[in-house]
DNA sequence: TACTGATATGTCAGTTTCTACATGTCAATC
DNA sequence: GATTGACATGTAGAAACTGACATATCAGTA
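Dropping the structure here:
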C-alpha cells in the first residue's frame, strides 16, 4: 500500500509523470523516507492503471507513458492518509548499526561513526541546497514540510554520530 | 542479512535467549530501528544454527530453546559492521505520510500531526524512562548509545509534528 | 558514421516480510 | 477441577522488495 500511496502523492504534487520520472523523483524527494526501484515502480503503475487510480494521459517518444492521478486515486490517497491504523514499522539499517556498535573495539566504532557523520553531513548539505533552490523558485509553504523533516533527520543523525564518537573517545581514554 | 545481524547483536549484548525472548527484546530495545515478528525470527534462528552462527545451549520447559552466539557468529557480525557497502534504504511510513500531507485540507493535516506528536511524545517518555532505569541499574556507557539515538529520533519527530501543525494553522489563518 | 550517455520500459528468480493459522505447556487463580 | 493468561514454537500463502538481465530510442559528439 505504501508504494501505491507514495506514487499517488508524487503524481498529485508534481503533476503528470512517467515511470522513469517517478523513479528519479523518488530518489530526489523522498529517498530518506521511502525507496523504490524502477523494477517495482513500473509493474505497480500498470496495476494502478488497471485499478483506475491513474490513467495514461499521453504517450511520448521512446515508449514513454505519462501517468496522471484520477479522481478515484486522489480519493483513495486521502482515505488512506486519514485512516487511523497503518503504521508499517520503521526499518533503518543505520540505526540498527548504532545498536550494534558495542560489538566493535572503540577505535573501530569511532571510525565507523566519523564516516557516517560525514555521509549524513553531505546528505544534509544536499537537502539544504534543494530547500534554498525551492525558496528561490518561490515554492513556499505546504510542499516543503517533508523537506524540513528530512533536513532535521539528517542533522540529528549527523550530530548523534559525531557526539557519540566524541563520547567513545573520551571514555576510551578516560 | 539485517535480521541475522540484529539477532546476533541481541544475543551478544543480552546473553543467551530463546526465540520468544528475542521477539520481546526486539520490541523493547530496537523497535524504532528494526522490526521482526516471531514468524520471521524462529525460522531464521534455525537457519543460523544450521550455519553455525548460534548454538542451542539448553532446552527448557515448553520446548524452550536457549540460543547462544558462537565465535563464528561474533566474527561475522563484526565483519558485517565494519564492511562498508551495505545501506539498505530507509523505509519509514511516518515520514512518508509527512510528505503526503499536502493532499489534505489544513484542518485534517493539523489533526493528523497533533495525533502523531502525541504518539511520538508517548514513545519518547517510555524511552526516557527506560534510560533512567538503566542508569539506576548502573548500566552505563556503550550499551546506551543506541537508546540515546532512539530518544533523539522521537524528540525530533514530536517537535517536527508539533511545529508543522503550528505552521499550518498560522498559514491557514493568515 | 559510430559511439556514448541519458531516456525509457519491462521481466524474472530469489529473498524478505506480513498475516493468519495452528499447537501445546505451565502457573496461578477461581 | 476448570479457566485464564503468559510462555513457547512453529507453518504456509501472499505481498513486497532486490538485483540482474533484457531491449530499444534519441541526442550529441568524435
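Chains as they are written, first to last, in UniProt numbering: chain A, 1 to 174; chain B, 1 to 174. All residues carry an ideal CB built from backbone N, CA and C; glycine is no exception.
Contact under 8 angstroms by Cβ, residue i with residue j
| i | j | result |
| --- | --- | --- |
| residue 164(A) | residue 112(A) | no |
| residue 60(A) | residue 157(A) | no |
| residue 35(A) | residue 91(B) | yes |
| residue 2(A) | residue 75(A) | no |
| residue 99(B) | residue 30(A) | yes |
| residue 19(B) | residue 65(B) | yes |
| residue 54(B) | residue 124(B) | no |
| residue 106(A) | residue 172(A) | yes |
Endpoints, alpha helix (DSSP H) assigned at residue i
| i | result |
| --- | --- |
| residue 168(A) | 145-173 |
| residue 41(A) | 38-50 |
| residue 126(A) | 106-136 |
| residue 94(B) | 93-100 |
| residue 73(B) | 71-82 |
Nearest residue (CA-CA) to residue i, options the options
| i | options | result |
| --- | --- | --- |
| residue 108(A) | 82(B), 41(B), 147(B) and 116(B) | 82(B) |
| residue 97(B) | 87(B), 169(B), 172(B) and 161(B) | 161(B) |
| residue 49(A) | 130(A), 148(A), 30(A) and 4(A) | 4(A) |
| residue 42(A) | 57(A), 67(A) and 58(A) | 67(A) |
| residue 32(A) | 170(A), 153(A) and 17(A) | 153(A) |
| residue 56(A) | 134(A), 17(A), 145(A) and 71(A) | 17(A) |
| residue 23(A) | 7(A), 13(A) and 15(A) | 7(A) |
Environment of residue i [buried if 16+ CB atoms lie within 10 Å]
| i | result |
| --- | --- |
| residue 63(A) | exposed |
| residue 26(B) | buried |
| residue 150(A) | buried |
| residue 117(A) | buried |
| residue 9(B) | buried |
| residue 40(A) | exposed |
| residue 73(A) | buried |
| residue 146(B) | buried |
Per-residue contacts from residue i into chain A (C-beta, under 8 angstroms)
| i | result |
| --- | --- |
| residue 40(B) | Under the 8 angstroms cutoff, chain A gives no residues; its nearest Cβ is about 12 angstroms from residue 40(B). |
| residue 5(B) | 96 and 100 |
Contact set between residue i and chain A, taken where Cβ atoms lie within less than 9 angstroms
| i | result |
| --- | --- |
| residue 164(B) | 145, 148 and 149 |
| residue 75(B) | Within chain A, no residue comes near residue 75(B); the closest Cβ sits about 10 angstroms away, beyond 9 angstroms. |
| residue 12(B) | 100, 102 and 103 |
Chain A contact residues for residue i, given Cβ-Cβ distances below 7 angstroms
| i | result |
| --- | --- |
| residue 138(B) | Here the premise fails: no neighbours, minimum Cβ distance about 15 angstroms. |
| residue 78(B) | 103 and 104 |
| residue 9(B) | 99, 100 and 103 |
Interface partners of residue i on chain B, CB under 7 angstroms
| i | result |
| --- | --- |
| residue 93(A) | 2, 86, 87 and 88 |
| residue 54(A) | Chain B residues near residue 54(A): none, gap ~15 angstroms exceeds 7 angstroms. |
Within chain B, partners of residue i - CB distance below 9 angstroms
| i | result |
| --- | --- |
| residue 31(A) | 89 and 90 |
| residue 156(A) | 149, 152, 153, 155 and 156 |
Span of the beta strand (DSSP E), counted from its first residue to its last, around residue i
| i | result |
| --- | --- |
| residue 56(A) | 54-59 |
8 angstroms Cβ cut-off: residues of chain B touching residue i
| i | result |
| --- | --- |
| residue 71(A) | Near residue 71(A) there are no residues of chain B at all, since even the closest Cβ is about 13 angstroms away, more than 8 angstroms. |
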